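Report on the structure given below.
Numbering (the numbering used here), first residue to last: 23 to 245.
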């Protein structure tokens with residue numbers, strides 16, 4: 023792992039790192055799964071973290087053993103209906119939904135001259151950043167609709183580094199899901215996981231919560 027002094031860019035996942043809006047996604051996906059006749063479980067919820075909309079739907083269909091019962095257009099329609107459910111929940115989002123410690127971290131990063139970008143699988147990321155009141159920190163958001171592959175492929179984090187005009191060796195990636203950590207690792211960035219150590223065991227550094235995610239703690243972890 024390179025020296026912390028080489029780091030210039032911070033590439034953030036959104037759900038579970040910046041905000042807890044993942045719960046809104048989970049609620050919308052649970053509704054979708056139940057309509058499809060697939061029993062919702064905690065494992066499904068965990069496995070969907072970091073996946074894009076269509077990949078999430080494919081996973082649910084595979085768990086239910088019904089992936090071959092729908093055409094591509096039907097799957098796209100199901101995913102679109104899920105997004106409508108999510109957007110309905112999203113209307114409640116406001117700056118109070120920013121996770122503990124994140125406002126302080128972003129302010130410190132900006133004060134120290136670091137670059138920041140959102141590298142999320144969510145197509146709604148720009149809207150969420152606006153509703154959270156964080157556009158002053160995140161002027162750049164990766165457009166996942168323009169990528170060939172989403173997480174766990176490295177594309178979103180490679181694109182994030184490119185948009186920051188930095189080498190991947192000058193960036194850290196932060197995610198709360200195993201799929202996201204695998205994406206960061208595939209991009210050859212230093213990976214920081216936020217959450218359960220056992221689930222995120224592939225990350226270079228793991229912090230149990232966002233309150234532990236400080237510049238000082240990351241600097242210490244590099245040592």
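Backbone N, C-alpha and C fix where the C-beta goes; we use that ideal spot for every residue, glycine too.
The model shown is predicted, which means the values in this text are computed figures rather than measured ones.
Query	Result
Only counting runs of 3 or more residues, tell me where the beta strand (DSSP E) segments fall wholly within the region 97 to 167, in order along the chain.	137 to 140
Rounded to the nearest angstrom, what separates residue 86 and residue 223 at their Cα positions?	28 angstroms
What's the C-alpha gap between residue 141 and residue 46?	19 angstroms
Thinking just about the alpha-carbon of each residue, which of 105, 120, 199 is nearest to the one in residue 221?	199
Can you tell me where the beta strand (DSSP E) holding residue 201 begins and where it ends?	Taken as a continuous stretch (DSSP letters only), residue 201 belongs to no beta strand (DSSP E), being part of the alpha helix (DSSP H) at 200 to 208.
Can we say the region 58 to 68 touches the region 162 to 180, given the rule of at least three CB pairs closer than 8 angstroms?	no
Give, in chain order, every unbroken run of the alpha helix (DSSP H) that is at least 4 residues long and sits entirely within the region 39 to 106.	44 to 58, 64 to 70, 75 to 85
Have a look at the DSSP bridge pairing and note the partners of residue 191.	DSSP, once it has assigned bridges, lists no residue as partnering residue 191.
State whether the region 181 to 197 contacts the region 205 to 222, with contact taken as three or more CB pairs (one from each stretch) at a distance under 8 angstroms.	yes
Measuring CA to CA, which of 189, 242, 149, 48 is closest to residue 33?	189
How far does the alpha helix (DSSP H) with residue 179 in it reach, from first residue to last?	177 to 185
Taking the beta strand (DSSP E) that residue 227 belongs to, which residues open and close that run?	227 to 229
DSSP puts residue 34 in a beta bridge; with which residues?	140, 196
Does residue 237 come out as helix, strand or coil in the three-state DSSP assignment?	helix
What residues in its chain sit with their C-beta under 6 angstroms from that of residue 75, if we drop five residues either side in the sequence?	101
To the nearest angstrom, how far is the alpha carbon of residue 206 from that of residue 110?	30 angstroms
I need the straight-line Cα distance from residue 177 to residue 169, nearest angstrom please.	7 angstroms
Specify the secondary structure class of residue 217 as computed by DSSP and reduced to three states.	coil
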